[in-house]
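S.K.: Got a structure here, written out as structure tokens. Questions coming.
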Amino acid sequence: MNPHRIDLNLLKVFDAILQTRSVTIAALNLGLTQSTVSNALNRLRDAMGDPLFVRTSEGMMPTTWAEEIADPIRESLARIDAALEHKLGFDPACAERSFTLFMTDVGQFVLLPRLLRFITQQAPSVRIFTEQLPPFRLREAALESGDVDLAVGYLHGFEGPFHQQRLFTETFVCVARCDHPWIARKLTLEQFLTAQHIIYRPPGSGHALMEASIDAVFQHHGVQRAAMARVAHCLGLWTLIAQGDYIAVLPRSLATAFGELAPLQILAPPVPLPSFEITQHWHSRFHHHPGNQWLRHLIASLFAAQRSEA
Numbered sequence: 299m300n301p302h303r304i305d306l307n308l309l310k311v312f313d314a315i316l317q318t319r320s321v322t323i324a325a326l327n328l329g330l331t332q333s334t335v336s337n338a339l340n341r342l343r344d345a346m347g348d349p350l351f352v353r354t355s356e357g358m359m360p361t362t363w364a365e366e367i368a369d370p371i372r373e374s375l376a377r378i379d380a381a382l383e384h385k386l387g388f389d390p391a392c393a394e395r396s397f398t399l400f401m402t403d404v405g406q407f408v409l410l411p412r413l414l415r416f417i418t419q420q421a422p423s424v425r426i427f428t429e430q431l432p433p434f435r436l437r438e439a440a441l442e443s444g445d446v447d448l449a450v451g452y453l454h455g456f457e458g459p460f461h462q463q464r465l466f467t468e469t470f471v472c473v474a475r476c477d478h479p480w481i482a483r484k485l486t487l488e489q490f491l492t493a494q495h496i497i498y499r500p501p502g503s504g505h506a507l508m509e510a511s512i513d514a515v516f517q518h519h520g521v522q523r524a525a526m527a528r529v530a531h532c533l534g535l536w537t538l539i540a541q542g543d544y545i546a547v548l549p550r551s552l553a554t555a556f557g558e559l560a561p562l563q564i565l566a567p568p569v570p571l572p573s574f575e576i577t578q579h580w581h582s583r584f585h586h587h588p589g590n591q592w593l594r595h596l597i598a599s600l601f602a603a604q605r606s607e608a
């Protein structure tokens with residue numbers, strides 16, 4: 299191996315392929331042609347004396363040597379980027395970098411489109427990657443290392459040197475199709491108790507508290523809840539509601555997004571339901587980081603209207 303033949307751009311290519319497991323996607327993320335990335339990978343292989351990646355049915359899988367050097371290279375690239383941004387500041391109009399966010403499926407469905415619209419206008423060379431929320435300790439480690447910049451959504455359980463900002467308070471509403479045969483514009487308690495329900499219960503969310511409140515209402519009235527289905531993911535849920543005589547209890551922001559995809563009516567729940575806070579979290583190491591600050595302020599400003607309506 300000859301380390302003097304390796305420049306910073308080659309290491310960025312290495313990290314991009316490692317994250318995406320694809321030369322093609324890495325090229326798109328880096329804003330380069332596929333042939334440029336392939337040539338860079340060949341130069342790296344020659345300089346390091348190792349294949350680094352092997353093409354498999356699951357993508358470009360790293361060799362043992364590539365896995366060993368992956369974390370030091372990623373940490374070094376992050377430190378270089380951070381040092382340059384601290385010195386030069388962060389100019390979104392010409393910045394070329396990526397941000398990674400922990401975000402649930404609902405967050406990606408509801409929050410990400412609005413964020414990308416503004417980034418396209420203000421920071422055309424900035425890229426956003428999302429990751430599913432891992433267990434607590436893993437998410438804390440990823441935020442501390444800088445592998446992930448922000449965690450956004452209904453989050454709790456962070457311990458240690460983390461900052462938190464409330465974006466808005468989320469409430470629950472009831473949803474039914476617009477041409478429902480016996481529900482129109484208003485949902486009564488009797489209709490709520492006798493309707494066929496589609497229960498949306500994603501893992502690790504505020505829905506558990508809401509469902510407990512609904513179960514208490516049914517128990518109080520001595521009625522068995524008619525649950526047509528219980529689903530853990532929001533994908534296609536709007537179609538299920540729009541094509542049947544069901545109701546579902548959903549976060550208002552999700553119901554509003556569904557209303558843009560299918561003819562649905564959003565109804566005030568006839569029973570008291572809890573609310574929950576949508577927040578963003580970041581590690582104190584990046585509290586004064588210019589890029590991290592810009593992204594946090596952008597996200598907070600995008601949801602200021604929802605915050606004032608809550």
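Sequential numbering from 299 applies to the sequence shown in my numbering. Just so you know, even glycine gets a beta-carbon here, dropped at the ideal spot from N, CA and C.
(1) Return the chain-ordered list of same chain residues with a C-beta closer than 6 Å to the C-beta of Ala-493, the five sequence neighbours on each side being excluded.
(2) Please report the Cβ distance between Pro-500 and Thr-402, rounded to the nearest whole angstrom; I am assuming they are in contact, meaning their Cβ atoms lie under 8 Å.
(3) For the alpha helix (DSSP H) holding Leu-316, just list the boundary residues, first then last.
(4) Got a sec? Which residues, its chain only, sit under 7 Å from Leu-559 by beta carbon, not counting five neighbours each side?
(5) Distance check for Met-359 and Arg-319, CA to CA, integer angstroms please.
(6) Spell out the partners DSSP gives Glu-539 in its beta bridges.
(7) With C-beta atoms as the reference, is Val-446 less than 8 Å away from Thr-398?
(8) Output needed for Leu-600: all residues of its chain with C-beta closer than 7 Å, excluding positions within five of it in sequence on either side, in chain order.
(9) Do Val-424 and Arg-395 come within 8 Å of each other at the CB atom, strictly closer than that value?
(10) So, for Ser-336: in the same chain, excluding its five sequence neighbours on each side, which residues have a beta-carbon less than 7 Å away from its beta-carbon?
(11) I'd like to confirm something about Phe-601: is its beta-carbon nearer than 7 Å to some heavy atom of the ligand GTP, or not?
(12) Nearest to Gly-347 by CA position, among Lys-310, Gln-332, Ala-364, is which residue?
(13) Alpha carbon to alpha carbon, what distance is there between Leu-552 and Ile-597?
(14) Does Arg-528 pass the burial test, meaning 16 or more other C-beta atoms within 10 Å, or should it be called exposed?
(15) Alpha helix (DSSP H) containing Ala-338: first to last residue?
(16) Is there contact here, the region 509-520 with the region 448-467, by at least three beta-carbon pairs under 8 Å?
(17) Buried or exposed for Val-408, going by 16 or more other Cβ atoms inside 10 Å?
(18) Looking at the structure shown, is Ser-606 part of a helix, part of a strand, or coil, going by DSSP?
(19) Just confirm the distance between the C-beta atoms of Pro-390 and Ala-421, as a whole number of angstroms; I'd bet it's less than 8 Å.
(20) Distance check for Pro-572 and Leu-593, CA to CA, integer angstroms please.
(21) Return the Cβ separation of Ala-515 and Val-569 in integer angstroms, given the expectation that the two are a contact with Cβ distance under 8 Å.
(22) Compare the C-alpha of Thr-334 against each of Ala-602, Arg-377, Val-311, Thr-354 and name the closest.
(23) Under the rule that 16 or more other beta-carbon atoms within 10 Å means buried, what is Phe-434, buried or exposed?
M.R.: Once the coordinates are examined:
(1) Taking the first residue of the sequence shown as position 1, residue 493 is located at position 195. So the qualifying residues of the chain are Ile-545.
(2) Here residue 500 refers to the residue found at position 202 when the sequence shown is read from its first residue. Here residue 402 refers to the residue found at position 104 when the sequence shown is read from its first residue. Pro-500 to Thr-402, Cβ: 7 Å. Contact.
(3) In the sequence shown, the residue the question calls residue 316 occupies position 18. Leu-316 -> alpha helix (DSSP H) spans 306-318.
(4) As a working mapping, residue 559 is identified with position 261 in the sequence shown. These residues qualify, in order along the chain: Trp-536.
(5) By 1-based counting over the sequence shown, the position of residue 319 is 21. By 1-based counting over the sequence shown, the position of residue 359 is 61. Taking the straight line from one Cα to the other gives about 6 Å.
(6) By one-based count along the sequence shown, residue 539 stands at place 241. Note that residue 539 corresponds to Ile in the displayed sequence, not to Glu. DSSP, once it has assigned bridges, lists no residue as partnering Ile-539.
(7) Locating residue 446 in the sequence shown gives position 148, counting from the first residue. Locating residue 398 in the sequence shown gives position 100, counting from the first residue. Going by C-beta atoms, Val-446 is nearer than 8 Å to Thr-398.
(8) Locating residue 600 in the sequence shown gives position 302, counting from the first residue. The answer, listed in chain order, is Arg-412, Leu-413, Phe-416.
(9) One-based indexing of the sequence shown puts residue 395 at position 97. One-based indexing of the sequence shown puts residue 424 at position 126. Yes; because the gap between Cβ atoms is below 8 Å, this pair is in contact.
(10) The residue given as residue 336 occupies position 38 in the sequence shown. The residues are Val-321.
(11) Ligands displayed in this structure: none; no statement on the ligand GTP is therefore possible.
(12) For the purposes of this step, residue 347 is taken as residue 49 along the sequence shown, with counting starting at 1. Among Lys-310, Gln-332, Ala-364, the Cα nearest to that of Gly-347 belongs to Ala-364.
(13) If you number the sequence shown from 1, residue 597 lands on position 299. If you number the sequence shown from 1, residue 552 lands on position 254. Cα to Cα, Ile-597 sits roughly 17 Å from Leu-552.
(14) For the purposes of this step, residue 528 is taken as the residue at position 230 of the sequence shown. Under this definition Arg-528 is an exposed residue.
(15) The residue you call residue 338 lines up with position 40 of the sequence shown. Its alpha helix (DSSP H) spans residues 332-346.
(16) no
(17) In the sequence shown, the residue the question calls residue 408 occupies position 110. Counting Cβ neighbours within 10 Å, Val-408 comes out buried, since at least 16 surround it.
(18) As a position in the sequence shown, residue 606 is number 308, starting the count at 1. Reliability of the predicted coordinates at Ser-606 is poor, the pLDDT of 45 falling under 50, and the value obtained from them is presented with this limitation in mind. Helix, per DSSP.
(19) Counting from 1 along the sequence shown, the entry for residue 390 is found at position 92. Counting from 1 along the sequence shown, the entry for residue 421 is found at position 123. Indeed they touch by this definition, with Cβ atoms about 4 Å apart.
(20) Taking the sequence shown and counting its residues from 1, one reaches residue 593 at position 295. Taking the sequence shown and counting its residues from 1, one reaches residue 572 at position 274. Their Cα atoms are separated by approximately 29 Å.
(21) Locating residue 515 in the sequence shown gives position 217, where the first residue counts as 1. Locating residue 569 in the sequence shown gives position 271, where the first residue counts as 1. For the record, residue 515 in the displayed sequence is Val; it is not Ala. Indeed, because the Cβ distance is near 5 Å, the residues count as touching under 8 Å.
(22) Translated into positions along the sequence shown, residue 334 becomes position 36. Of the candidates Ala-602, Arg-377, Val-311, Thr-354, the one whose C-alpha sits nearest the C-alpha of Thr-334 is Val-311.
(23) The sequence position of residue 434 within the sequence shown is 136, counting from 1. That one is exposed.
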